[in-house]
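Residue numbers (the numbering used here): 1005 to 1123. The beta carbon of each residue, even a glycine, is placed where N, CA and C say it ideally should be. Structure first, then comments.
The following block contains the structure:
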């Protein structure tokens, strides 16, 4: 249903919006700017824009740096909340990415401590 709405919105603009956004994305200097441009489409939120950007990157349509920005989805946000639920005063919505990066930084140590093989 949502996909149809996006296609119809682009079609109503005779592709003008698509051309404009495509040009801006191809000239963008970083991932966060690409996301901003993708959100110009009606009904595209931050996480859906992130998913679209990942698809564009995976298909080699754009050359965006992988590590310069990341948008956590609802599942990842809930996971970060679950892991850090006992930290007093923690506002996960403002610190999602830094907490997720902390998990990545320590994941090998945790696997070793649990005597598990890192995938």
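### Query
Helix, strand or coil: which one does DSSP assign to residue 1113?
Residue 1113 sits at position 109 when you count from the first residue of the chain shown. The answer is helix: DSSP assigns residue 1113 an H, G or I state.
### Query
Would you say the stretch 1057 to 1065 touches the stretch 1015 to 1024, given that touching needs at least three Cβ pairs under 8 Å?
Cβ pair count under 8 Å is below three, so no.
### Residue interval of the alpha helix (DSSP H) (run including residue 1082)
Looking up residue 1082 in the chain shown gives position 78. That run of the alpha helix (DSSP H) goes 1078 to 1087.
### Message
Output needed for residue 1025: all residues of its chain with C-beta closer than 8 Å, excluding positions within five of it in sequence on either side, in chain order.
### Response
What you label residue 1025 is simply residue 21 of the chain shown in a count that begins at 1. Cβ neighbours of residue 1025 within its own chain (closer than 8 Å, five residues either side excluded): 1041, 1042, 1044, 1045.
### Query
Grouping DSSP H, G and I as helix and E and B as strand, with all else coil, what is residue 1066?
Reading the chain shown from its first residue, position 62 is the one you call residue 1066. Three-state result, residue 1066: coil.
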